[in-house]
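Everything in the sequence shown is counted per my numbering, starting at 1008 for the first residue and increasing by one. Every residue, glycine too, gets a C-beta built ideally from N, C-alpha and C. Let me begin by presenting the structure, written as structure tokens, before commenting on it.
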Amino acid sequence: MNKGSGFGLGLGKMKELAEAFKKAQQVQQGAQQLQLELEQMEIEGKSEDGLVTVVLSGNQEPRGVTIAPEALDKGAEALSQLTIAAMKDAYDKSTETMRSRMEELTSGLNLPGM
1008 MNKGSGFGLG LGKMKELAEA FKKAQQVQQG AQQLQLELEQ MEIEGKSEDG
1058 LVTVVLSGNQ EPRGVTIAPE ALDKGAEALS QLTIAAMKDA YDKSTETMRS
1108 RMEELTSGLN LPGM
């Protein structure tokens, strides 16, 4: 019979486990704060010529579209393409914002897949 073997976790492992739980709580709190910040952000994307502007929240929720009068003169097909370009620009910017903010939040945690 092994004396004092318990679950095979020494005090060092228990400290590591407690530290991991503490970090997980910090990340969870940070993620909740980040979610609130992203909801308040307004990220603007534009078509290359600047005739169409799309605004998304940091969570990629649509907030608005502005179309310059000159864009209407280009016709429906061109206006569609300008709108898609502005949407893609806003989407790319919001994705980059979320990615960089999550990296800040999880830096130094050595989380797999992050």
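Kindly indicate if chain B contains any beta-carbon less than 8 Å away from that of residue i.
i	result
L1058	Judged by its chain identifiers, the structure shown contains no chain B, having just a single protein chain.
Leaving out five residues before and five after residue i in sequence, what residues of the same chain have Cβ atoms less than 8 Å from its Cβ?
i	result
K1020	none
R1070	E1049, V1062, L1063, S1064
Enumerate in chain order the residues of its own chain whose CB-to-CB distance from residue i is below 6 Å, with the five nearest sequence positions on each side excluded.
i	result
L1043	none
Using the C-alpha atoms, what's the distance from residue j back to residue i?
i	j	result
Q1047	S1054	23 Å
P1076	Q1067	26 Å
I1074	Q1039	34 Å
Q1032	E1103	25 Å
K1081	L1041	40 Å
E1084	I1091	11 Å
Under 7 Å Cβ to Cβ from residue i, same chain only, skipping five residues before and after it: list those, please.
i	result
A1078	L1058, V1059, L1086, L1089
A1093	G1052, K1053, S1054, V1059, T1060, V1061
G1037	L1112
M1105	L1045, G1065
R1108	L1041
Helix, strand or coil for residue i? Go by DSSP, reduced to three states.
i	result
S1064	strand
G1071	strand
K1030	helix
G1037	helix
K954	Only positions 1008 to 1121 of the chain appear in this structure, which leaves residue 954 out of reach.
E1111	helix
- Message: I'd like to know if the region 1093-1104 and the region 1025-1037 are in contact, where contact means that at least 3 CB-CB pairs between them fall below 8 Å.
- Response: Per the Cβ contact rule, the region 1093-1104 is not in contact with the region 1025-1037 (fewer than 3 Cβ pairs under 8 Å).
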